[in-house]
Structures are given as structure tokens and as C-alpha cells.
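Asker: Using the numbering used here, the first residue of the sequence shown is number 477, and each one after it goes up by one.
Following this message is one structure expressed as C-alpha cells.
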Amino acid sequence: EWPIRSLVIALVAVYGSQFFFENEKASALAELDAQVEKLRMAQQELQTRLAEKASLEERLKEFAANESLVKTKLDTITQRMEGRQAGVLALRSLSSSIPAEVWLQSLSLTETAFEASGQSLDYSQVSDFMKRLGETDFLTDINLDGSSQANDDKGQRVASFKLTAKRK
């Protein structure tokens, strides 16, 4: 009777421990499966973030390229606006340099050169005009390229002139 009892106890112990370990194994596997699923979800979230980051990096590159283009355009506009300001200032300075007895018949002002032709009552006003132009901030090398005296439409004696200069 003792050996049967021992045998039954041993069998119960073996099967019981096997059942216990199978139950523990199933519980551990279920825990590991849950952790694997969490890791899979975290991996998917990280892949989504990575894709978003790649998209953002592309947009950032586009913005940088657009910023460079806009900056170039803005610099061009600024330079042109400054050029316009310089032209307006040059014309203001020119108009204030013309003596009352001098009238212009033609005027040309480019980025590099200045030309004017006109008439005056005499050469002293032409000389004053040249002196005043030399005092401006936008002209240099002022030259009298031609002059002559003639009678105007009313029969009055006038001095005709042609001036050239370089822009600073």
C-alpha cells in the first residue's frame, strides 16, 4: 500500500507540477505576448513619427530654398528702390543747380553718364551751372562739350551749350 500511495503521490506531484508549470508558462507567454504587442505598437508609432519627420525635413528644405529665393528677390527690389531714390535725389539736386537764366532743351541721366544741352543768356550762367553741378553728390568730370552763340526766335542773343559728366 505504501508504494502505491507513494506512486500516486509522485504521479499527482508530477502532473500537478506539470500543470502548475504549464499554467505559469502560459501566463508568462501571455505576458510576453502583451509586451511584444506593446513594442509592436511603439514601433509603429515611431515609424509614423519618423515618416512625419522625413516629411517635415523635406518641407524644411523647401522652406530654406524658398527663403533663399525670397531673400534674393528682396535684395534685388531693395537695390532697385535705392537706385530709384538715387535718381530722384539726382534730379532734385540737378533742378536746384540750374540758374534762373539757364533753360534745358534736353537731359539724359543714366547709371553712368549725364548729358544736358540748353541755352542761356550768356556764358557766365553756363559757367555757374557747371560749378553747381560739380558741387552735387552725384556727378564728376563735368565738361563743356560744345557752345555757340546765336539769336533765339525773338531775336535775343543766347549762348547754346552741351554738357557731359560721369555719375559717381
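Using N, Cα and C, we set each Cβ at its ideal position, and we do this for glycine too.
Given this structure, state the Cα-to-Cα distance separating residue 423 from residue 513, to the nearest angstrom.
Answerer: In this structure the chain extends from 477 to 644, so residue 423 is not present and cannot be described.
Asker: Tell me whether residue 547 sits in a helix, a strand or coil according to DSSP, three-state version.
Answerer: Residue numbering aside, residue 547 sits at position 71 when the sequence shown is read from its first letter. It is helical.
Asker: Can the beta-carbon of residue 605 be found less than 8 Å from the beta-carbon of residue 641?
Answerer: Taking the first residue of the sequence shown as 1, we reach residue 605 at position 129. Taking the first residue of the sequence shown as 1, we reach residue 641 at position 165. Cβ distance not < 8 Å, so residue 605 and residue 641 don't count as in contact.
Asker: Is it buried or exposed for residue 567, if we count other Cβ within 10 angstroms and need 16 for buried?
Answerer: Along the sequence shown, read from residue 1 onward, the residue named residue 567 stands at position 91. Its Cβ having fewer than 16 others within 10 Å, residue 567 is exposed.
Asker: What are the boundary residues of the alpha helix (DSSP H) that residue 609 is part of?
Answerer: Locating residue 609 in the sequence shown gives position 133, where the first residue counts as 1. Here the alpha helix (DSSP H) through residue 609 covers 599-610.
Asker: Can you round the beta-carbon distance between residue 593 and residue 578 to whole angstroms, since I take them to be within the 8 Å contact cut?
Answerer: Translated into the one-based positions of the sequence shown, residue 593 becomes position 117. Translated into the one-based positions of the sequence shown, residue 578 becomes position 102. Contact between residue 593 and residue 578 does not hold, since their C-beta atoms are separated by about 11 Å, which reaches or exceeds 8 Å.
Asker: By the DSSP assignment, the beta strand (DSSP E) with residue 617 in it spans what residues?
Answerer: For the purposes of this step, residue 617 is taken as the residue at position 141 of the sequence shown. 615-627 is the extent of the beta strand (DSSP E) around residue 617.
Asker: Less than 6 Å between C-beta atoms, sequence neighbours within five positions excluded: which residues of the same chain meet that for residue 622?
Answerer: Against the sequence shown, residue 622 aligns to sequence position 146. Beyond the five residues adjoining it in sequence on each side, residue 622 comes within less than 6 Å, by CB distance, of 638 in the same chain, given in chain order.
Asker: Closest to residue 574 by CA distance: which of 552, 601 and 585 is it?
Answerer: Position 98 of the sequence shown, counted from the start, is the residue given in the question as residue 574. Residue 601 is the option with its Cα nearest to residue 574.
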